[in-house]
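There are 2 protein chains.
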Amino acid sequence: MAYELHYWPTIQGRGEFVRLALEAAGAAYVDVARGTAAAGQGMPALLHWFKDSAVERPPFAPPILRHGKLVVAQTAAILLYLGPRLDLVGKSEASRLWTHQIQLTIADALAEVHDTHHPISGASYFEDQRPEAHRRSAAFRHERLPKYLAWFEAILARNVHNKPGATLHLVGARLSYADLSLFQLVDGLRYAFPVALRKASHKAPLVLQLHREIAQHRRLSGYLRSERRIAFNQHGIFRHYPELDG
Amino acid sequence: MAYELHYWPTIQGRGEFVRLALEAAGAAYVDVARGTAAAGQGMPALLHWFKDSAVERPPFAPPILRHGKLVVAQTAAILLYLGPRLDLVGKSEASRLWTHQIQLTIADALAEVHDTHHPISGASYFEDQRPEAHRRSAAFRHERLPKYLAWFEAILARNVHNKPGATLHLVGARLSYADLSLFQLVDGLRYAFPVALRKASHKAPLVLQLHREIAQHRRLSGYLRSERRIAFNQHGIFRHYPELDG
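In order, the protein sequences belong to chains A and B. Using the numbering used here, the first residue of the first sequence is number 22, and each one after it goes up by one. Using the numbering used here, the first residue of the second sequence is number 22, and each one after it goes up by one.
The structure is reproduced here in structure tokens:
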């Protein structure tokens, strides 16, 4: 049974964290909102979740995953569900909780990235919150970005399974959805904050190495070059405003 | 085996969502940072998680729960772990994911509440980001608060188990940790944004009813009057600045 991903069709956004897991696992899935309304897909299928009061358990926002009767929203909860099914998480409860904990921290970082260009309101234009965006971005570049990178670096360094020469992983000795999500966070930062990331990354060499290794994953390397990978653009969470990059 | 909660000792903060679950279940727990350093508790025990490079899986921030060998941080992940053990979540996977999904949305709302008084940086004083706080708070009051309340209201209204006269619940027919967390969110908003909440609440009567009912829970009503419940104050996530309440 194919997975259905319901997400905005023109941005990577939070949906990309789900796409990366599905793609890395080679899972069959439908990117519903990128299909046609004639096929029962497209934007009407996405908006149905928010407009139809017959939805018993309405999501607050996309992404939404449907798998048979199961419907789940919130990126981290979707990955919590997919992890065991796609073999992208360890088997023990401790391992699963730790992977989820890392994912939730990536989600926190992502929300802060969004707020660098929209520190006042997501409902207003960037141009209407530009001075605030400058201040918030400076704090992000100088305080938050180094703090997050240092945390990921420490996790990679302390993961005892990372033997010299072995592929890097955040959890244990195998690929997890948290590795994929950290790849996506770094990839987005490379687009949005290339200068700040370059300055900060000399203190996070393992994080950058993980990013390079995930990009070469046998399935993901093909995905990243395909049309299924939407290009970064100025409508997503990661936006490149040189004036915010310091 | 008693649970250990490691959290800042002088604020409710995110730790309170964990305390409420433990208290509602009548679970034995130690609020570690509120103990004495002489007893191996207090702030040194909390800071150990962040200073000691021997911690294999370091948390990014409190709260942290320790239960035997298990250590988990991130509020929602802690509640994911505690839910089944404290009988504060349903038995089916669908029910557990839905409860977690609600919790993650409450966490998102909470981060936005924090940013009403610290829209630029958590490392700077409120007084240094006051004009930005005014703008962000206005957007929160007019856009975000009504949106979140409408979502919680819809969930309560659509939960078919809420028969007339029955106690309200977000998920199914029994108390879950999400109910407790929504209580806490509303309780904090009553402290921080009493005017805005009063204006918005006529459209969310079930949310306010849930808040009242949880406050009367047989164990929680005692807890809320006890010294274990830290009072709201101007150092936590919920802060009362009348100028931000519109």
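Quick reminder that beta carbons are idealized off the backbone N, C-alpha and C, glycines included. Since we're looking at a predicted model, the values are computed, not measured.
Check, Outcome
"Compare the C-beta of H141 of chain A with all C-beta atoms of chain B and state if any pair is closer than 8 Å.", "Strictly speaking, residue 141 of chain A in this sequence is Ile, with His absent from that position. Yes, its Cβ sits closer than 8 Å to a Cβ of chain B."
"Taking the alpha carbon of L177 of chain B as the point to measure from, which residue in B:F147, B:H232, B:A94 has its own alpha carbon closest?", "B:H232"
"Considering H27 of chain B, what are the terminal residues of the beta strand (DSSP E) in which it resides?", "24–27"
"Candidates A:A98, A:E164, A:H139, A:R165: which alpha carbon is nearest E153 of chain B's?", "A:H139"
"Might you give, ordered along the chain, the residues of its own chain that have their beta carbon closer than 6 Å to the beta carbon of R55 of chain A, omitting 5 neighbours on each side?", "P30"
"According to DSSP, is I251 of chain A part of a helix, a strand, or is it coil?", "coil"
"Mapping the DSSP letters down to three states, classify L86 of chain A as helix, strand or coil.", "strand"
"In the segment 110–171 of chain A, which residue ranges form an unbroken alpha helix (DSSP H) of at least 4 residues, counting only runs that do not cross its ends?", "114–138, 151–160"
"Going straight from the alpha carbon of E234 of chain B to that of S158 of chain B, what length do you get?", "28 Å"
"According to DSSP, A94 of chain B sits in a beta bridge with which residue or residues?", "B:I85"
"Taking the alpha carbon of F214 of chain B as the reference point, which residue from B:R165, B:V53, B:A49 has its own alpha carbon closest?", "B:R165"
"Closer than 8 Å, CB to CB, is E153 of chain B near chain E or not?", "In the structure shown, chain E cannot be found, because the protein chains are A and B."
"Which one or two residues does DSSP pair with Y50 of chain B in a beta bridge?", "B:Y24"
"Under 8 Å between the Cβ atoms of Y24 of chain A and P84 of chain A?", "no"
"Since L68 of chain A and V53 of chain A are thought to touch, with beta carbons under 8 Å apart, how far apart are those beta carbons, to the nearest angstrom?", "Not really, about 11 Å apart at Cβ, beyond 8 Å."
"What residue range does the alpha helix (DSSP H) around G209 of chain A cover?", "198–213"
"Quick one: list the residues of chain B neighbouring P79 of chain A, beta-carbon separation under 8 Å, in chain order.", "W172, A175, I176, R179"
"Alpha carbons only, please: which of B:Q62, B:F147, B:E114, B:K112 is nearest the one belonging to R260 of chain B?", "B:F147"
"Near I258 of chain A, what residues of its chain come up, given a Cβ to Cβ distance below 8 Å and the 5 sequence neighbours on each side ignored?", "I32, Q33, G34, R35, L131, V134, H135, G209"
"For the structure I just gave you, are there three or more beta carbon pairs, one from the segment 121–130 of chain A and one from the segment 81–96 of chain B, closer than 8 Å?", "yes"
"Between Q122 of chain A and chain B, is the shortest Cβ-Cβ distance under 8 Å, so that the two count as touching?", "yes"
"Which class does R35 of chain A belong to by DSSP, given the choice of helix, strand or coil?", "coil"
"Using a Cβ cut-off of 7 Å, which residues of the segment 81–94 of chain A contact any Cβ in chain B, in chain order?", "F81, L91, V93, A94"
"Quick one: what's got a C-beta closer than 7 Å to L227 of chain B's C-beta in the same chain, skipping five residues either side?", "E174, L177, A178, L189"
"In the DSSP assignment, the alpha helix (DSSP H) including L289 of chain B goes from what residue to what residue?", "A query on residue 289 of chain B cannot be resolved here, the shown segment of chain B reaching from 22 to 267 and no further."
"Once the 5 residues before and after I251 of chain A are set aside, which same chain residues still bring their CB inside 6 Å of it?", "Q33"
"If you check the beta carbons only, do Y102 of chain B and V110 of chain B fall under 8 Å apart?", "no"
"Could you pull out every residue in the same chain whose Cβ sits closer than 6 Å to the Cβ of H121 of chain A, ignoring the five residues on either side in sequence?", "L101"
"What does L67 of chain A touch in chain B if you count any residue whose Cβ is under 9 Å from its own?", "Under the 9 Å cutoff, chain B gives no residues; its nearest Cβ is about 17 Å from L67 of chain A."
"Can you say whether A199 of chain A is buried or exposed, counting buried as having 16 or more other CB atoms within 10 angstroms of its CB?", "buried"
"Excluding the five sequence neighbours on either side, which residues of its own chain have a C-beta within less than 6 Å of the C-beta of L91 of chain B, listed in chain order?", "none"
"Does L189 of chain A come out as helix, strand or coil in the three-state DSSP assignment?", "coil"
"Give a yes or no on whether the C-beta atoms belonging to P263 of chain B and A221 of chain B are separated by under 8 Å.", "no"
"What are the residues of the segment 154–167 of chain A that lie near chain B, defined by any Cβ-Cβ distance shorter than 7 Å?", "R156, R157, A160, E164"
"Just to confirm, are L201 of chain A and A42 of chain A a CB contact at a threshold of 8 Å?", "yes"
"Measure the Cβ-Cβ separation of L270 of chain A and E44 of chain A and say whether it is below 8 Å.", "For residue 270 of chain A there is no data in the structure shown, the boundaries of chain A being 22 and 267."
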